[in-house]
Amino acid sequence: MNNRDTFRNILRAIIILLVQILVLKRIGLSSQWWWQHGQIFLYPIIILLIPFRITRHYVLLLGFVIGLVIDMFYDTVGVHAFALTGMAYARGVLLAWLEPRGGYQLTMSPTNHAMGINWLMTYTAVSMFIFCFLYFIGEIFTFVYLGQILLKTLITFFMSILVVMGYHFLFNPKR
Amino acid sequence: MNNLLQFVIRYSAFILFLFLEAVALTLVVRYNTNQQGIFQHSSSVISGKLYKVADDVYQYNHLQTFVDSLASENALLKEKVFNLERSVQRLLPSDQTIDSCVLESFHLISAQIINNSINQRNNHFTIDKGRKDGIKEGMGVISEQGIVGIIEESGKEYATAVSILHSAVQISAAIQRNGYFGSLVWKETDPAHMILEAIPGQADIQIGDTIITSGYSFIFPKGIYIGKVEQFWTEGGSNYYTIKVRLHEDIARMNRVYVVENQDENLIRNEQ
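In order, the protein sequence lines correspond to chains A and B.
Last residue of the first sequence? That's 179 in our numbering, and every number before it is there in order.
Last residue of the second sequence? That's 1040 in our numbering, and every number before it is there in order.
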C-alpha cells in the first residue's frame, strides 16, 4: 500500500515535469505583452503535494533536485533550484503555521480532499507567491529592477495559481 | 559541545536550507559571470533528445508551412545569386570566370530550433546540430530574417546558443544608409525591440532606416539585416544617439536557422 503510493507519487511528479517542460514552456513563446512578463509554473505542485509524513529535510533536498532538473531544461542555472528550495523551506514553516487543532493526519497529503478548500487556497497561494518572488529575484539578481520583479511576480503568480488550482479541481488528488 | 550539538540537531532543517540556497546562488552567480559549461545544458544528450522528439511532433503538424517558406526563400536566393552573378560577370575581364575569384569565407550550416525562450532575463535556444556537424562555441546564428544568437555551448549532437535577447549580448551594428555603427544590446523585456547605443551625434538618422550588422566582428558577416529604426533620442547631456530598433525577426516564431562558420577566422587562428 505504502509502496504503491510512493510509486504513484513519483510517476505523477515525472508527468508534471514533462508537462512543464514540453507544454507550459512552449506556451510562453509569444510576443504578446502578457507573455513577456509572465510564465506558467505548474511543477511546484510536486513539492506542495508531498505527504505530511515526509520530513522537512527530504522536502528540502527534493526541492533542490527538482529545481536543478528544471534548470537544465530552462537554461537558467540555479535559479529554479534557488526558488524551489526556498519554497520547500517555506512549506515547513507554513504547515506549522496553518496546523489545525489536533494536528495533521500523517497518512494524508495537503489536498482539497484532506484539508478543505479554504486551507488549500491559503497554503497554495502563499507558497506559490514565495516561489514566484524568489524565482524573479534569482533571475534578475539585483534589486535595481524591483518594479519589474514585482510586476513579473504578480503576473506569473496569477497565471500559475490558476493552473495549480485547476490541477486540484480536475484531478482532485487524494494523496 | 553538547549544546552546540543540540543546536545543530534542532536547526538542522534550517541549516540544510541555508546550505542548499548557497549552492543554488553560487550556481547563479558563477554562471552569470563566466559563461562556462559548469552545468548540464539543454545541449546535453538527455535533454536535447527529449526536446528533439517533442519538436518532431510539433513540426509534423506545421510541415506544409515550413515547406512553403523554405521554397519561397530558395526562390529568392536563386534570384539573388543569378542577378549577382550577372553583375559580377559584367565587371570581370572576359577571360575570367566567377568561380576563380569568389572568396568563400563564410560557410552556413542549416539547423533547426528545438527549444527556445523569450520571456526570461537571459534567453537561450537549442539547435539540433552539434560538434559532429562542425558547430563550435562562438559561432553566430542567423535566420532568413536577421541575426538571432551566438553559440554558447556545443554538445555532441545538440548545441545551446545565447539568444540576442540576453542581457550580456552586444552586437556591432550599423545604419545601412551612412555606415555609422554602434553596439546593439537588449535592455527591456520586449522581445520585438533592441537598443542600438553609441551612434555619434552628427549621424543623420531617420525613422525607418535599416540597421544591418557592421562586419567589425568575426561572428557575423557584414550586411545581415537586423531591423528598422523605430525611435531615437539622445540621453541627457550625451553626445551620442540611442536608437530603438524594431527587430525584423520574430524571435518567438523562428524555426530554421543557419550557423555561420567564418573560415577567415579559422585561417587567422591557425596562423597565430
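Glycine residues also receive a C-beta, built at the ideal position from the N, C-alpha and C atoms.
- With a 10 Å radius around the Cβ and a threshold of 16 neighbouring Cβ atoms, Asp972 (chain B) comes out exposed.
- For Glu143 (chain A), the enclosing alpha helix (DSSP H) covers residues Ile121 to Ile144.
- With distances taken between CA atoms, Ser951 (chain B) lies nearest to B:Ile967 out of B:Gln944, B:Thr957, B:Asp958 and B:Ile967.
- Within the same chain, Lys996 and Val997 come within 7 Å of Gly976 (chain B) by CB-CB distance, once the 5 residues on both sides are set aside.
- Chain-ordered, the chain A residues with CB closer than 9 Å to the CB of His892 (chain B) read Tyr78, Asp79 and Thr80.
- Here the C-alpha atom of Gln944 (chain B) lies approximately 18 Å from the C-alpha atom of Val953 (chain B).
- When secondary structure is reduced to three states using DSSP, Thr1010 (chain B) falls in the strand class.
- In this structure, A:Leu46 is the residue among A:Pro177, A:Asp79 and A:Leu46 with its C-alpha nearest to the C-alpha of Ser131 (chain A).
- Per DSSP, the continuous alpha helix (DSSP H) segment holding Ile51 (chain A) begins and ends at Ile49 to Leu52.
- By the Cβ criterion, the region 819-828 of chain B is in contact with the region 881-892 of chain B, since at least three pairs of Cβ atoms, one from each stretch, lie closer than 8 Å.
- Around the beta-carbon of Arg778 (chain B), fewer than 16 other beta-carbon atoms lie within 10 Å, marking it exposed.
- For Ile915 (chain B), the enclosing beta strand (DSSP E) stretches over residues Gly914 to Ser922.
- Arg889 (chain B) has its alpha-carbon roughly 27 Å from the corresponding atom of Arg95 (chain A).
- In the displayed model, Gly976 (chain B) falls within coil according to three-state DSSP, outside both helix and strand.
- Residue range Asn6 to Val23 is occupied by the alpha helix (DSSP H) that includes Phe11 (chain A).
- Around the beta carbon of Gly67 (chain A), 16 or more other beta carbons sit within 10 angstroms, so the residue counts as buried.
- Shown here for Arg57 (chain A): same chain residues with a beta carbon closer than 6 Å to its own, the five before and five after excluded, namely Leu110 in chain order.
- Proximity of Gly106 (chain A) to chain B, defined by a Cβ-Cβ separation below 7 Å, is not satisfied.
- One Cα belongs to Tyr819 (chain B), the other to Leu22 (chain A), and the distance between them is close to 10 Å.
- Take Thr128 (chain A), set aside five residues on each side of it, and the residues of its chain with a beta-carbon closer than 7 Å to its own are Leu52, Ile165, Val168 and Met169, in chain order.
- Residue range His961 to Pro968 is occupied by the beta strand (DSSP E) that includes Glu965 (chain B).
- About 15 Å separates the Cβ atoms of Val73 (chain A) and Tyr139 (chain A), ruling out a contact at the 8 Å cut-off.
- Around the beta carbon of Trp1001 (chain B), fewer than 16 other beta carbons lie within 10 angstroms, which makes this residue exposed.
- Neighbours of Thr89 (chain A) in chain B, taken as residues at a C-beta separation under 7 Å, are given in chain order as Phe785, Leu788, Glu789 and Ala792.
- The alpha-carbon separation between Arg60 (chain A) and Tyr93 (chain A) amounts to approximately 7 Å.
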